[in-house]
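Here the structure comes first, spelled out in structure tokens, and everything after it is commentary.
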Amino acid sequence: MGLFRVMMPPKLQLLALLGFAVAMFFLENQIQKLEESQGKLERAIARHEVQNIEQWHTQDFLRERDLTTTVSDSEDDMVIIYNRVPKTASTSFANIAYDLCLKNHFHVLHINTTRNNPVMSIQDQMRMVKNVTEWREIKPAFYHGHVSFLDFTKYGVKKKPIYVNVVRDPIERLVSYYYFLRFGDNYRPDLRRRKQGDMKTFDECVSAGGSDCSPEKLWLQIPYFCGHYSECWNVGSQWALEQAKLNLVNEYMLVGVTEELEDFVMMLEAVLPRFFKGATELFKTGSKSHLRKTSEKKPITKESIAKMQQSAIWKMENEFYEFALEQFQFARAHAVREKDGELYLLAQNFLYEKIYPKN
Numbered sequence: 015m016g017l018f019r020v021m022m023p024p025k026l027q028l029l030a031l032l033g034f035a036v037a038m039f040f041l042e043n044q045i046q047k048l049e050e051s052q053g054k055l056e057r058a059i060a061r062h063e064v065q066n067i068e069q070w071h072t073q074d075f076l077r078e079r080d081l082t083t084t085v086s087d088s089e090d091d092m093v094i095i096y097n098r099v100p101k102t103a104s105t106s107f108a109n110i111a112y113d114l115c116l117k118n119h120f121h122v123l124h125i126n127t128t129r130n131n132p133v134m135s136i137q138d139q140m141r142m143v144k145n146v147t148e149w150r151e152i153k154p155a156f157y158h159g160h161v162s163f164l165d166f167t168k169y170g171v172k173k174k175p176i177y178v179n180v181v182r183d184p185i186e187r188l189v190s191y192y193y194f195l196r197f198g199d200n201y202r203p204d205l206r207r208r209k210q211g212d213m214k215t216f217d218e219c220v221s222a223g224g225s226d227c228s229p230e231k232l233w234l235q236i237p238y239f240c241g242h243y244s245e246c247w248n249v250g251s252q253w254a255l256e257q258a259k260l261n262l263v264n265e266y267m268l269v270g271v272t273e274e275l276e277d278f279v280m281m282l283e284a285v286l287p288r289f290f291k292g293a294t295e296l297f298k299t300g301s302k303s304h305l306r307k308t309s310e311k312k313p314i315t316k317e318s319i320a321k322m323q324q325s326a327i328w329k330m331e332n333e334f335y336e337f338a339l340e341q342f343q344f345a346r347a348h349a350v351r352e353k354d355g356e357l358y359l360l361a362q363n364f365l366y367e368k369i370y371p372k373n
């Protein structure tokens, strides 16, 4: 080295030292940049981890919020349809909903069809489906009207409304309707009815073979539950009877009977308190619970009943009524108990166990 230094001219030595200094400066500068880049990378990783933690906490909060609000949100989005059969105490039951809607914070809407026609055109069916499912400002909602069953799934709806209804002994229903057309009821006593002035009793009508008391007039509860198929309205159709039964058990949450309306109201209050909280007490004591009663209704003779029961149409309508009654009594037997002449709802009799994985 010493020899190199001796032999190397001073100018070259200076250049060599200068080059070495530049190289060292460049190297230190690169090391500093690498250290700064490493610091930035570490800070970026740290920020990312913090964001992940915050995101996890946010997701946990949202999950907790969803768990606590799902039930109430679904209840606020709930729709009930009561496609009421005429002369089955339908006004009495609908008035309970009107009396409770303000207190329980839901809307009641009457479906008023032209001339009370229970069959809608296909375009009106679509309109009603869209209204019921998309009219969010009016939810939760209780719709009622003299309309036959409408299958919402045919129109692409995933969340269907809850259907409820009430049926009545077919002869009793027809007798009530017969006198209603002539004398009206205590709901609107001054309203002139279609058959007003006809003083013929139901027994006299049966004896004379009149059209207003003919067995064909019994054909109503089956088509109301059968729906908007043409066969539903073919009087005496066995297919319509079977379809009505299928709809009753598959599409209706609960179907009560006029003769046991209080039990029906009690069960609805237990299942749907969002709508019917306080309904049982209101039914027992409220001034509107039995608001509508047919005026001048006369009991019919055993002879008239026997003559009506000879009809194949009565047998089918009665079969449907007995079927509905059996389903209702089955549901009631598993929901309430009687003690000292009073009905009491059963407490919850199931629980969850063996829940895995363990926390």
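Each residue of the sequence shown is one higher than the last, beginning at 15 in our numbering.
Glycine included, every Cβ here is placed at the ideal spot set by N, Cα and C.
None of these values were measured; they are calculated from a predicted model.
Touching by the beta-carbon criterion (3+ pairs, under 8 Å), the segment 173 to 183 and the segment 87 to 100: yes
Classification of I236 by the beta-carbon crowding that lies within 10 angstroms, buried from 16 upward: Residue numbering aside, residue 236 sits at position 222 when the sequence shown is read from its first letter. It is buried - the Cβ of I236 has at least 16 other Cβ atoms within 10 Å.
Outcome for S244 when other beta-carbon atoms lying within 10 angstroms are tallied against a minimum of 16: The residue labelled residue 244 in the question sits at position 230 within the sequence shown. The residue is exposed, with fewer than 16 neighbouring Cβ atoms inside 10 Å.
For N373, the three-state DSSP class (helix, strand or coil): Within the sequence shown, residue 373 is the residue found at index 359, counting from 1. Residue state, collapsed to three classes: coil.
Backbone CA spacing between Y335 and S318 [nearest angstrom]: Numbered from 1 along the sequence shown, position 321 holds the residue referred to as residue 335. Numbered from 1 along the sequence shown, position 304 holds the residue referred to as residue 318. Y335 and S318: Cα-Cα distance of roughly 19 Å.
Reference A108, options T128, L116, I136, G159, closest by Cα: On the sequence shown, residue 108 is found 94 positions in, with the first residue counted as 1. When each option's Cα is compared against that of A108, the closest is G159.
For G270, the residue or residues it bridges with in DSSP: By one-based count along the sequence shown, residue 270 stands at place 256. According to DSSP, G270 bridges with V180.
Residue interval of the alpha helix (DSSP H) (run including A320): Within the sequence shown, numbered from 1, the residue matching residue 320 stands at position 306. Start and end: 316 to 322.
Short Cβ contact (7 Å threshold) for E89 with R288: Taking the sequence shown and counting its residues from 1, the one referred to as residue 89 is at position 75. Taking the sequence shown and counting its residues from 1, the one referred to as residue 288 is at position 274. Cβ distance < 7 Å, so E89 and R288 count as in contact.
Distance, F364 Cα to K311 Cα: One-based indexing of the sequence shown puts residue 311 at position 297. One-based indexing of the sequence shown puts residue 364 at position 350. For K311 and F364, the distance between alpha carbons rounds to 47 Å.
Span of the alpha helix (DSSP H) around E218: Position 204 of the sequence shown holds residue 218. Here the alpha helix (DSSP H) through E218 covers 216 to 222.
Straight-line gap, E331 to L232 (C-alpha atoms, nearest Å): On the sequence shown, residue 331 is found 317 positions in, with the first residue counted as 1. On the sequence shown, residue 232 is found 218 positions in, with the first residue counted as 1. If I take the Cα positions, the gap works out to 7 Å.
Alpha helix (DSSP H) runs contained entirely in the segment 320 to 369, provided each spans 4 or more residues: 326 to 347
Distance, T272 Cα to V263 Cα: On the sequence shown, residue 263 is found 249 positions in, with the first residue counted as 1. On the sequence shown, residue 272 is found 258 positions in, with the first residue counted as 1. Each residue's Cα considered, the two are about 18 Å apart.
Closest Cα partner of T127 within the set R98, I152, E50, Y366: The residue you call residue 127 lines up with position 113 of the sequence shown. Ranking R98, I152, E50, Y366 by Cα distance to T127 puts R98 first.
Minimum length 3: unbroken beta strand (DSSP E) runs contained in the segment 118 to 193: 121 to 124, 155 to 158, 176 to 181
Inter-stretch contact (C-beta, 8 Å, three-pair minimum) for the segment 153 to 173 and the segment 220 to 231: no
7 Å Cβ cutoff met for K101 and Y157: For the purposes of this step, residue 101 is taken as the residue at position 87 of the sequence shown. For the purposes of this step, residue 157 is taken as the residue at position 143 of the sequence shown. No; because the gap between Cβ atoms is not below 7 Å, this pair is not in contact.
Reduced DSSP category for V285 - H, G, I as helix; E, B as strand; rest coil: Taking the sequence shown and counting its residues from 1, one reaches residue 285 at position 271. Reduced to three states, the DSSP call for V285 is helix.
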